[in-house]
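The structure appears right after this line, and notes come after that.
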Amino acid sequence: MALPITKRFIAGAVCPRCGAMDKIRAWENNGIRYKECVSCDFFEQLAIEEPTASTELETRVNRKHNEPISDEIKPVRIIAPAPGKKGIH
Ligand SMILES: [Zn+2]
-18 MALPITKRFI
-8 AGAVCPRCGA
2 MDKIRAWENN
12 GIRYKECVSC
22 DFFEQLAIEE
32 PTASTELETR
42 VNRKHNEPIS
52 DEIKPVRIIA
62 PAPGKKGIH
């Protein structure tokens, strides 16, 4: 019992290797998202995970057109004040 895999073109997607637009096809199988370029032999597979804080990064990248992505992923450290702070009221 095999499910048919539908490969869909991603509108506006630019291939990171050859830079061609609308040549990226994506599909999902067994919790893995695959991407391939029909213009060159670019291929990528990613585990499908819940969305994280990378949404902000994607919006920023979407604003740029035909520019190489050079953003470095930096770990975000949240410093919370220690609860139960002792002080004179
Ligand atoms: Zn390509």
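In terms of our numbering, the sequence shown opens at residue -18 and continues consecutively.
For every residue, glycine included, the Cβ atom is placed at its ideal position computed from N, Cα and C.
Bear in mind the structure is a predicted one, so any value in this text is a computation, not a measurement.
Of the residues V(-5), Y15 and K4, the one whose Cα lies closest to the Cα of I29 is Y15. In the three-state DSSP reduction, E30 falls in the coil class, being neither helix nor strand. Distances taken from the Cβ of A1 to the heavy atoms of ligand 1 include one shorter than 6 Å. Judged by DSSP in its simplified three-state form, I5 adopts strand.
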